[in-house]
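Everything below concerns the one structure shown next.
Protein chains in written order, with the working numbering: chain A, 30 to 334; chain B, 308 to 363.
Here it is in structure tokens:
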């Protein structure tokens with residue numbers, strides 16, 4: 030069981046999950062715990078010879094009942110797949126898997142925020158290469174979604190809607206659009222090639238999306254991640270963060286579904302490190318103007334389509 | 308967290324067994340474009356299998 034301690038100077042919770050120290054770390058592909066359990070092969074986390082998408086409780090949870098949840102979402106039984114390489118129907122199915130997990134975890138008394146995310150690449154700390162994401166059910170509202178609620182209060186309405194309107198009116202940083210989503214590099218992006226993909230209509234969570242919106246969400250996400258991979262002609266490491274409404278507390282049901290990507294590369298072989306200014310003062314110093322990043326990413330998305 | 312409502316539910320699946328976290332295990336039900344089957348791993352952890360009917 031993890032222990033929560035409140036860091037007074039930062040005004041935030043820190044979770045101590047010391048059992049995670051022994052979790053599986055970059056195993057060779059023959060011992061991947063997220064591959065299917067094939068006849069004659071090693072027993073893995075998934076006792077099936079083949080599968081499409083599975084979700085299971087994390088063996089090394091950062092949060093667990095009765096104080097939250099930690100789940101693993103495996104996108105494919107193909108060890109070498111990625112979100113970008115999934116078929117269109119599999120990517121659409123994944124949106125319904127996310128929605129299903131949001132629905133069920135949001136009903137739990139010990140979950141105040143359902144956070145769906147993917148860490149891709151060793152550059153962002155991946156310990157298993159098999160294509161997968163994770164879901165944390167936090168027993169409290171974490172700082173980043175709390176900041177989004179504060180932005181709503183500051184602007185007197187949905188901040189994500191306001192940002193989307195500004196970005197679409199400006200146009201220079203817009204990367205991709207379909208009838209349901211817009212992807213853009215934010216005006217004040219923190220990471221060199223940070224991108225946000227936002228629902229065009231106000232949708233607090235996946236639960237408020239129409240089926241066609243979920244399909245178009247998957248189409249937009251795949252266009253964006255394929256563009257990321259084309260940008261430097263290499264698999265782009267990133268953190269993918271699905272932001273939606275908290276499920277408990279005063280901000281419950283208030284939010285705007287959008288997905289943020291934080292790729293740590295500033296060039297094909299150079300990392301942007303969150304260092305002195307970023308960690309110690311909280312101010313990002315970026316080497317790339319968002320307008321330039323958007324132009325390059327836009328071209329990459331077209332090239333990858 | 309005392310008094311938290313039971314969650315928003317799903318407007319598209321309000322009458323579905325999927326709205327209940329303790330739905331019967333190993334009985335696939337349809338949720339949107341996926342079928343959902345609940346299993347238990349040997350150590351008791353939940354395993355949920357999602358399939359796309361008619362295609363991979």
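Virtual Cβ for every residue (Gly too), placed ideally from N, Cα, C.
Note that the coordinates shown come from a computational prediction; the quantities given were computed from them, not determined experimentally.
Within a Cβ cutoff of 8 Å, which residues of the same chain sit near residue i, ignoring the five residues on either side of it in sequence?
i, result
"residue 314(A)", "306 and 307"
"residue 221(A)", "292, 294, 295, 301, 315, 316, 317 and 322"
"residue 228(A)", "209, 210, 238, 242, 246, 285, 286 and 287"
"residue 312(A)", "306"
"residue 175(A)", "280"
Tell me, please, whether the CB atom of residue i is closer than 8 Å to any CB atom in chain A?
i, result
"residue 328(B)", "At residue 328(B) the pLDDT is 44, less than 50, meaning the model places this residue with poor confidence and gives no usable figure here."
"residue 345(B)", "no"
"residue 358(B)", "yes"
"residue 340(B)", "yes"
"residue 331(B)", "Confidence at residue 331(B) is low in this model, with a pLDDT of 46, below 50, so its placement is unreliable and the value that follows should be read with caution. No, because no Cβ of chain A sits closer than 8 Å to the Cβ of residue 331(B)."
Indicate whether residue i and residue j have their beta-carbon atoms separated by less than 8 Å.
i, j, result
"residue 30(A)", "residue 93(A)", "yes"
"residue 273(A)", "residue 253(A)", "no"
"residue 82(A)", "residue 151(A)", "no"
"residue 18(A)", "residue 163(A)", "Chain A is shown only over 30 to 334; residue 18(A) falls outside these bounds and no answer can be derived."
"residue 131(A)", "residue 250(A)", "no"
"residue 346(B)", "residue 356(B)", "yes"
"residue 62(A)", "residue 78(A)", "no"
"residue 205(A)", "residue 97(A)", "no"
Which same chain residues, not among the five before or five after residue i, have their C-beta less than 7 Å away from its C-beta?
i, result
"residue 191(A)", "184"
"residue 135(A)", "143 and 276"
"residue 297(A)", "261 and 263"
"residue 72(A)", "66"
"residue 207(A)", "245, 248 and 249"
Is there at least one Cβ from chain B nearer than 8 Å to residue i's Cβ?
i, result
"residue 132(A)", "yes"
"residue 122(A)", "yes"
"residue 126(A)", "yes"
"residue 83(A)", "yes"
"residue 80(A)", "yes"
"residue 157(A)", "no"
"residue 236(A)", "yes"
"residue 272(A)", "no"
"residue 111(A)", "no"
"residue 71(A)", "no"
In chain order, what residues of the same chain have a beta carbon less than 6 Å from the beta carbon of residue i, not counting five sequence neighbours either side?
i, result
"residue 223(A)", "291"
"residue 46(A)", "31 and 91"
"residue 110(A)", "160"
"residue 331(A)", "none"
Output yes if chain C places a C-beta closer than 8 Å to the C-beta of residue i; else output no.
i, result
"residue 227(A)", "No chain C appears in this structure, whose protein chains are A and B."
*Okay, do the region 188-201 of chain A and the region 167-175 of chain A touch, 3+ Cβ pairs below 8 Å being the bar?*
In short, these stretches do not touch, since the Cβ pair count stays below three.
*Do the region 337-354 of chain B and the region 119-138 of chain A meet, that is, are 3 or more Cβ pairs less than 8 Å apart?*
With contact defined as three or more Cβ pairs closer than 8 Å, the region 337-354 of chain B and the region 119-138 of chain A are in contact.
_Secondary structure, beta strand (DSSP E): runs of 3+ residues fully inside the region 98-167 of chain A_ = For secondary structure counted as the beta strand (DSSP E) over 3 or more consecutive residues, the region 98-167 of chain A holds these complete runs in sequence order: 98-103, 142-149 and 161-167.
*asked:* Just to confirm the assignment: which complete beta strand (DSSP E) runs, minimum length 3, are found wholly within the region 44-73 of chain A?
replied: Counting only runs of 3 or more, we get nothing.
*Which full runs of the beta strand (DSSP E) of 3+ residues lie inside the region 207-252 of chain A, going along the chain?*
As far as the region 207-252 of chain A is concerned, its whole beta strand (DSSP E) runs of at least 3 residues are 210-213 and 224-228.
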